[in-house]
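K.L.:
Before we start, here is the structure in question, set down as structure tokens.
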Amino acid sequence: MITPEVQKLLIPTLKKYFGYDSFRSQQEAIIQNVLSGSDSLVIMPTGGGKSICFQLPALLLNGVTLVISPLIALMKDQVDGLNANGIPAAYVNSSLADAERNTILENIADKKLKLVYVAPESLSYLSTVINEENVSCIAIDEAHCISSWGHDFRPSYQQLGFLKNQLPKIPIIALTATADKATRDDILNQLNISEAKQFISSFDRKNIHLEVRPANDRINQVIDFIEQHPNESGIIYCLSRKTTEQIASKLQQNGISAKAYHAGLNFNERSSIQEEFIFDKTPIICATIAFGMGIDKSNVRWVVHYNMPKNIEGYYQEIGRSGRDGLNAKALLFHSYADVIQLRKFIDGSTNEEVQIAKLDRMKQFTEATTCRRKILLSYFGELKEENCGNCDVCENPPQFIDGTIIAQKALSAVTRLQEKEAVGIVIDVLRGAKNATVIDRGYNHIKTYGMGADTSWKDWQHYIIQLINQGYLEIAFHKHNALQLTDFSKKVLFEKEQVLLSKPVEISRNVTDKITKKSKKTKDSLFELLRKLRYNISLEENIPAYLIFNDATLRE
Ligand code: ADP
Ligand code: MG
Ligand code: ZN
Numbered sequence: 001m002i003t004p005e006v007q008k009l010l011i012p013t014l015k016k017y018f019g020y021d022s023f024r025s026q027q028e029a030i031i032q033n034v035l036s037g038s039d040s041l042v043i044m045p046t047g048g049g050k051s052i053c054f055q056l057p058a059l060l061l062n063g064v065t066l067v068i069s070p071l072i073a074l075m076k077d078q079v080d081g082l083n084a085n086g087i088p089a090a091y092v093n094s095s096l097a098d099a100e101r102n103t104i105l106e107n108i109a110d111k112k113l114k115l116v117y118v119a120p121e122s123l124s125y126l127s128t129v130i131n132e133e134n135v136s137c138i139a140i141d142e143a144h145c146i147s148s149w150g151h152d153f154r155p156s157y158q159q160l161g162f163l164k165n166q167l168p169k170i171p172i173i174a175l176t177a178t179a180d181k182a183t184r185d186d187i188l189n190q191l192n193i194s195e196a197k198q199f200i201s202s203f204d205r206k207n208i209h210l211e212v213r214p215a216n217d218r219i220n221q222v223i224d225f226i227e228q229h230p231n232e233s234g235i236i237y238c239l240s241r242k243t244t245e246q247i248a249s250k251l252q253q254n255g256i257s258a259k260a261y262h263a264g265l266n267f268n269e270r271s272s273i274q275e276e277f278i279f280d281k282t283p284i285i286c287a288t289i290a291f292g293m294g295i296d297k298s299n300v301r302w303v304v305h306y307n308m309p310k311n312i313e314g315y316y317q318e319i320g321r322s323g324r325d326g327l328n329a330k331a332l333l334f335h336s337y338a339d340v341i342q343l344r345k346f347i348d349g350s351t352n353e354e355v356q357i358a359k360l361d362r363m364k365q366f367t368e369a370t371t372c373r374r375k376i377l378l379s380y381f382g383e384l385k386e387e388n389c390g391n392c393d394v395c396e397n398p399p400q401f402i403d404g405t406i407i408a409q410k411a412l413s414a415v416t417r418l419q420e421k422e423a424v425g426i427v428i429d430v431l432r433g434a435k436n437a438t439v440i441d442r443g444y445n446h447i448k449t450y451g452m453g454a455d456t457s458w459k460d461w462q463h464y465i466i467q468l469i470n471q472g473y474l475e476i477a478f479h480k481h482n483a484l485q486l487t488d489f490s491k492k493v494l495f496e497k498e499q500v501l502l503s504k505p506v507e508i509s510r511n512v513t514d515k516i517t518k519k520s521k522k523t524k525d526s527l528f529e530l531l532r533k534l535r536y537n538i539s540l541e542e543n544i545p546a547y548l549i550f551n552d553a554t555l556r557e
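Be aware that the sequence shown starts at 1, since it is given in UniProt numbering, and climbs by one per residue.
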């Protein structure tokens, strides 16, 4: 609770320092929580207005608010912006001279600064002034960086747990645009703020049209796409530095103004490309995921994923950079199993391998979806929607559905009988009455649902269960060995006889696939057309044999 006197100051302060007349949806509640001395976790989409949630309280609290941010390159801009609004702010990083840093330390002790931005690696410069006397609040921006379950893990973020121990009375506010449930829990745990109040904004960005296409001949697809969207600003995300450069030069050859951006360029090159993009001098950037974090450009009209992102959080954050002005925008993702294999190789041997593989699987399932894509994205972030969005390729061109209520009931009761402890594979084995060692050893051949789905093939079960996940009837607990678990929606199926619609699995015989590789490109293209109509996302690339692509089971092995 905050006093009525402080409450009365909120709007005038917003108006005076930021020039706005009213708060956006959750900003006021968040600010009240911070001012009352409690910890907060804020999940709000990019462009939602997270900064004000700690900048405004900083002005009303007595002392300095430390803002921990990984974006050293942008700190200066942010601080300049605050200073221009009459807010005393500074940043600390290794680029400053000792004398400059000492002045900042003195100003903190003299209570002359309201906000100090600092990268986690540079916190040690401030160690003499970090105490409850000087510090009024600690904001941790881009908080997903703390979790190796998130998509942008930074080891330097992992030491931040000391802040709560050292300053137990000082409120912490952690903010990010992307964190699924597992990552949220991890953030709270690591920052020692398990009691923090969570403010989770809707992730729905209705104005962004979603589309997934197979990646065959994607460079020409990209050129076509750009030609259909003249004079629009867009970002093409690629997996490798090399690809960004190849595509940029290919586009240039086709008379399209585009530049490559990646971490291999030096600081000056990167800043000037960012600037050209922001001021519409270079409308199109071919970039690695290094591009975009913290870039405040409202009129990006489209985002193309030339390669598949490694997880849904990254994807959603990247497409979220389009349409920030609320006008229509497009997100086009190319789906290729070559990318899946490549991403899988990157994961091998990395930290949290198991979690990352599962997240990549979810990404792959999203691309293969036969249900509204927005529903899938939102359910991934824990937001369940009843209605289809009408603004994605699946909604516009829906597949044929069958009544899958009985199928869903069987799957959900198997998950229940398995006490929500087993991953997809075992659930299917149990449904099919498999006699493998795991099933027998764990005694699953004695539970009630064992063998109840023996009439459906393994692959079809997989197809159905993925849809149940995508529709929000089941979820995967990444931090519990990918166990399938029930959701709030499951009850409706199990106890309220809710009807579930599932798309039919598409059958493509091995025979056909073997033939196409030998046929001309023309035949290939018409086949793709057909497969696309069937909503079966397939990519056929020169370097991958066809059987690998069409036979999903091959990939799993
Ligand atoms: P985020 O950090 O969530 O990506 P920012 O804090 O950078 O977003 O804010 C995005 C934009 O929204 C900024 O231009 C900011 O000034 C603007 N903004 C924030 N709060 C409000 C508000 N209450 N009214 C109008 N504009 C706002
Ligand atoms: Mg921000
Ligand atoms: Zn939709």
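Glycine included, every Cβ here is placed at the ideal spot set by N, Cα and C.
Please list the segments of the alpha helix (DSSP H) lying wholly inside the segment 83-144, counting only runs of 4 or more residues, in order along the chain.
P.N.:
Listed in chain order, they are 98-109.
K.L.:
Could you have a look at H335 and say whether DSSP puts it in helix, strand or coil?
P.N.:
As a first step, residue 335 must be located in the sequence shown, where it is residue number 335. The answer is strand: DSSP assigns H335 an E or B state.
K.L.:
Can you find the residues in the same chain that come closer than 6 Å, C-beta to C-beta, to F401, ignoring five residues on each side of it along the sequence?
P.N.:
Your numbering for residue 401 matches position 401 in the sequence shown. Cβ neighbours of F401 beyond the five flanking positions: L501, S503.
K.L.:
For a minimum of 3 consecutive residues, which ranges assigned as the beta strand (DSSP E) are wholly contained in the segment 157-202?
P.N.:
Whole beta strand (DSSP E) segments, 3+ residues: 172-176, 197-200.
K.L.:
Runs of 4 residues minimum, wholly inside the UniProt domain "Helicase C-terminal" (218-371): which ones carry the alpha helix (DSSP H) assignment?
P.N.:
You should have 218-228, 241-253, 267-278, 312-319, 337-347, 353-367.
K.L.:
Looking at the structure shown, is I407 part of a helix, part of a strand, or coil, going by DSSP?
P.N.:
The residue you call residue 407 lines up with position 407 of the sequence shown. It is helical.
K.L.:
Answer yes or no: the CB of C286 versus the heavy atoms of the ligand ZN, is any distance below 7 Å?
P.N.:
The count along the sequence shown starts at 1 and reaches residue 286 at position 286. Every heavy atom of the ligand ZN is 7 Å or more from the Cβ of C286, so no.
K.L.:
With 16 as the cutoff for other CB atoms within 10 Å, does L327 come out buried or exposed?
P.N.:
Taking the sequence shown and counting its residues from 1, the one referred to as residue 327 is at position 327. L327 should be labelled exposed.
K.L.:
Can you tell which of G49, H446, H209 has its C-alpha closest to the C-alpha of E396?
P.N.:
Within the sequence shown, numbered from 1, the residue matching residue 396 stands at position 396. If we check each option's Cα against that of E396, H209 comes out closest.
K.L.:
Between G264 and the rest of its own chain, which residues show a CB-CB distance below 8 Å, the 5 nearest in sequence each way excluded?
P.N.:
Indexing the sequence shown from 1 puts residue 264 at position 264. Counting only Cβ-Cβ distances below 8 Å, and skipping sequence neighbours, we find R241.
K.L.:
Taking 8 Å as the threshold (C-beta atoms), are A423 and L484 in contact?
P.N.:
Against the sequence shown, residue 484 aligns to sequence position 484. Against the sequence shown, residue 423 aligns to sequence position 423. Yes, Cβ-Cβ distance for L484 and A423 is below 8 Å.
K.L.:
Does DSSP put C392 in a helix, a strand or coil?
P.N.:
Against the sequence shown, residue 392 aligns to sequence position 392. Of the three classes helix, strand and coil, the one that applies to C392 here is strand, per DSSP.
K.L.:
Compute the distance between the beta-carbons of R184 and L41, then report whether it is under 8 Å.
P.N.:
As a position in the sequence shown, residue 184 is number 184, starting the count at 1. As a position in the sequence shown, residue 41 is number 41, starting the count at 1. Yes, the Cβ-Cβ distance between R184 and L41 is below 8 Å.
K.L.:
Should T244 be labelled buried (16 or more other beta-carbon atoms within 10 Å of its own) or exposed?
P.N.:
If you number the sequence shown from 1, residue 244 lands on position 244. With 16 or more Cβ atoms within 10 Å of its Cβ, T244 is classed as buried.
K.L.:
For R417, which of G404, V439, P399 has the nearest alpha-carbon?
P.N.:
Looking up residue 417 in the sequence shown gives position 417. Cα-wise, what sits closest to R417 is V439.
K.L.:
Does the Cβ of I538 have 16 or more other Cβ atoms within 10 Å, making it buried, or fewer, making it exposed?
P.N.:
Here the question's residue 538 lines up with position 538 in the sequence shown. Residue confidence is low: I538 scores 40 on pLDDT, short of 50, so the model does not pin down where it sits. Its coordinate-derived value is still stated next. With 16 or more Cβ atoms within 10 Å of its Cβ, I538 is classed as buried.
K.L.:
Buried or exposed: which applies to G443, given that a residue is buried once 16 or more other Cβ atoms fall within 10 Å of its Cβ?
P.N.:
Reading the sequence shown from its first residue, position 443 is the one you call residue 443. Its Cβ having fewer than 16 others within 10 Å, G443 is exposed.
K.L.:
Please classify L384 as buried or exposed, where buried requires at least 16 other C-beta atoms within 10 Å of its C-beta.
P.N.:
Numbered from its first residue, the sequence shown carries residue 384 at position 384. Answer is exposed; the Cβ neighbour count stays below 16.
K.L.:
With 16 as the cutoff for other CB atoms within 10 Å, does N83 come out buried or exposed?
P.N.:
Here the question's residue 83 lines up with position 83 in the sequence shown. Classification for N83: exposed.
K.L.:
Confirm the yes/no value for this check: CB of K359, any heavy atom of the ligand MG, distance under 7 Å.
P.N.:
Here residue 359 is taken as the residue at index 359 of the sequence shown, counted from 1. Incorrect: K359 has no Cβ contact closer than 7 Å to the ligand MG.
K.L.:
Hey, would you say L378 sits closer than 8 Å to F203, going by beta carbons?
P.N.:
One-based indexing of the sequence shown puts residue 378 at position 378. One-based indexing of the sequence shown puts residue 203 at position 203. The answer is yes: Cβ separation under 8 Å.
K.L.:
Counting along the chain, where does the alpha helix (DSSP H) carrying T13 start and finish?
P.N.:
Here the question's residue 13 lines up with position 13 in the sequence shown. Taken as a continuous stretch (DSSP letters only), the alpha helix (DSSP H) holding T13 covers 4-13.
K.L.:
Mapping the DSSP letters down to three states, classify F401 as helix, strand or coil.
P.N.:
Within the sequence shown, numbered from 1, the residue matching residue 401 stands at position 401. Looking at F401 - three-state DSSP - the assignment turns out to be strand.
K.L.:
Going by beta carbon distance, what residues of the same chain come within less than 7 Å of R205, once the five residues before and after it are set aside?
P.N.:
Within the sequence shown, residue 205 is the residue found at index 205, counting from 1. Cβ within range, chain order: P45, G320, G323.
K.L.:
Considering just the uninterrupted stretch of the alpha helix (DSSP H) at H209, what are its terminal residues?
P.N.:
Working through the sequence shown from its first residue, we reach residue 209 at position 209. First-last for H209: 208-214, but that is the beta strand (DSSP E), not the alpha helix (DSSP H).
K.L.:
Can you check whether the CB of I108 is closer than 8 Å to the CB of V79?
P.N.:
Translated into the one-based positions of the sequence shown, residue 79 becomes position 79. Translated into the one-based positions of the sequence shown, residue 108 becomes position 108. No, the Cβ-Cβ distance between V79 and I108 is not below 8 Å.
K.L.:
In terms of residue numbering, what span does the beta strand (DSSP E) encompassing T65 cover?
P.N.:
Taking the sequence shown and counting its residues from 1, one reaches residue 65 at position 65. 64-68 is the extent of the beta strand (DSSP E) around T65.
K.L.:
What distance in whole Å lies between the Cβ atoms of T176 and I43, which are believed to be in contact at a cut-off of 8 Å?
P.N.:
Residue numbering aside, residue 43 sits at position 43 when the sequence shown is read from its first letter. Residue numbering aside, residue 176 sits at position 176 when the sequence shown is read from its first letter. Confirmed, Cβ separation roughly 6 Å.
K.L.:
In or out: I406 buried (at least 16 other Cβ within 10 Å) or exposed?
P.N.:
Position 406 of the sequence shown, counted from the first residue, corresponds to residue 406. Classification for I406: exposed.
K.L.:
So, does the segment 298-311 touch the segment 155-163, judging by three or more C-beta pairs under 8 Å?
P.N.:
No, the segment 298-311 does not touch the segment 155-163.
K.L.:
Report all residues from its chain with a CB closer than 7 Å to the CB of G404; omit the five preceding and five following residues, and keep chain order.
P.N.:
The residue given as residue 404 occupies position 404 in the sequence shown. These residues qualify, in order along the chain: Y464, V500, L501, L502.
K.L.:
Anyone know if the C-beta pair for L191 and I140 falls short of 8 Å?
P.N.:
Position 191 of the sequence shown, counted from the first residue, corresponds to residue 191. Position 140 of the sequence shown, counted from the first residue, corresponds to residue 140. Yes; because the gap between Cβ atoms is below 8 Å, this pair is in contact.
K.L.:
From what residue to what residue does the beta strand (DSSP E) around Q485 run?
P.N.:
Translated into the one-based positions of the sequence shown, residue 485 becomes position 485. It spans 483-486 - the beta strand (DSSP E) in which Q485 sits, taken as one unbroken run.
K.L.:
Check I30 in the structure and name its three-state DSSP category.
P.N.:
Here residue 30 corresponds to residue number 30 of the sequence shown, with the count starting at 1. DSSP places I30 in helix when its eight states are reduced to three.
K.L.:
Return the chain-ordered list of same chain residues with a C-beta closer than 6 Å to the C-beta of K297, the five sequence neighbours on each side being excluded.
P.N.:
Your numbering for residue 297 matches position 297 in the sequence shown. Answer for K297: I278, listed in chain order.
K.L.:
According to DSSP, is V500 part of a helix, a strand, or is it coil?
P.N.:
Sequence index remark: in the sequence shown, residue 500 carries index 500 (1-based). Reduced to three states, the DSSP call for V500 is coil.
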